[in-house]
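Under the numbering used here, the final residue of the sequence shown carries the number 327; numbering is consecutive throughout.
Each residue gets a CB set at the ideal place from its N, CA and C atoms; glycine is no exception.
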Amino acid sequence: MIEGIEGKIVNITESGVLIKAGSFFISAYCTPWTIQKISVGQEIKLSTFLSFPQDKAPELFAFYEQEEMELFKILIGVSKIGPKMAMKILGGANHNEIRNYIATRNVPGLSNLPGLGKKTAERLIAELGDSIEEVSGFTGTRATDNDAVDALTSLGFDRYSAEKAVRKVTKEGVSGTQAIVKKALKELQ
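Written out as structure tokens, the structure reads:
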């Protein structure tokens, strides 16, 4: 499986990118959020998901943020939502908004996303069931939790990993921004 791609952006289209990785030119579908964050000529590393649709050529989906790809994987696990539909959904709002819609069971919010009607939104929420906690993202209840996440992201960690580490250490009873960051750094390394 191809987990990621690193190379130079050669071309950007409305629905994806062309990346030169070594002597290969690789085309990948991207969400509008990923496309906004990249530019032609930029050296980039993207997380990827490789799909093998029936009777078609393999399709590569690339994401600037790991969190977006994780939500993509969750979405394609829902019946009747394939990779292209998941990309449409992710194109309608950023991944944090979508996570919030799912976590709060906001059917009207989900229904407004491209490709999702009321029934599909309801099915998505119903099928995710117990995994809502995983999808909901970070809900830091204290300012120290949020400060710790901000500190970790400023050190170069992606937001999803930082939130996960902070959530884990605060469940262990660690408090205070400095102590949370110190313990979370150990978790992340």
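For residue i, which of helix, strand or coil comes out of DSSP?
i: E310; result: coil
i: T169; result: coil
i: V214; result: Val is not the amino acid found at residue 214; the sequence shown has Ile there. The answer is helix: DSSP assigns I214 an H, G or I state.
i: V287; result: helix
i: A231; result: coil
i: G154; result: strand
i: R329; result: A query on residue 329 cannot be resolved here, the shown segment of the chain reaching from 139 to 327 and no further.
i: I263; result: helix
i: S292; result: helix
i: M207; result: helix
i: P252; result: coil
i: K175; result: coil
i: M139; result: coil
Check the DSSP bridge columns for residue i and list the partner residues they point to.
i: F199; result: Y167 and F187
i: I182; result: G145
i: V319; result: None, per the DSSP bridge assignment.
i: A159; result: F162
Assuming the contact rule is C-beta atoms closer than 8 Å, residue i and residue j should be a hit. Round their C-beta distance to whole Å, please.
i: T186; j: E141; result: 6 Å
i: E265; j: S217; result: 6 Å
i: I164; j: I143; result: 6 Å
i: V148; j: I176; result: Actually they are not in contact, since the Cβ atoms of V148 and I176 sit about 11 Å apart, beyond 8 Å.
i: L251; j: A231; result: 6 Å
Please return the same chain residues whose Cβ sits closer than 7 Å to the Cβ of residue i, not counting the five positions on each side in sequence.
i: A286; result: V304, T315, I318, V319 and A322
i: T291; result: R297 and A300
i: K324; result: none
i: T308; result: D283 and I318
i: Y239; result: G247 and L248
i: G253; result: M223, K226 and I227
i: N139; result: The identity of residue 139 in the sequence shown is Met, whereas the question assumes Asn. Excluding positions up to five away in sequence, the list reads L188.
Within a Cβ cutoff of 8 Å, which residues of the same chain sit near residue i, ignoring the five residues on either side of it in sequence?
i: T279; result: Since pLDDT at T279 reaches only 49, below the 50 mark, its modelled position is unreliable, and the value read off the structure follows with that caveat. Around T279: no qualifying Cβ.
i: T169; result: F201, E206, M225, L228 and G229
i: V245; result: K256, A259, E260 and I263
i: A289; result: T315 and V319
Please work out which residues of its chain come closer than 6 Å, Cβ to Cβ, to residue i, disregarding the five sequence neighbours upstream and downstream, and give them in chain order.
i: K146; result: K158 and E181
i: V312; result: I318 and K321
Shorter than 6 Å, the distance from the beta carbon of residue i to the closest heavy atom of the ligand SAM, or not?
i: I219; result: With respect to small molecules bound, the structure shown includes none, and the ligand SAM cannot be examined in it.
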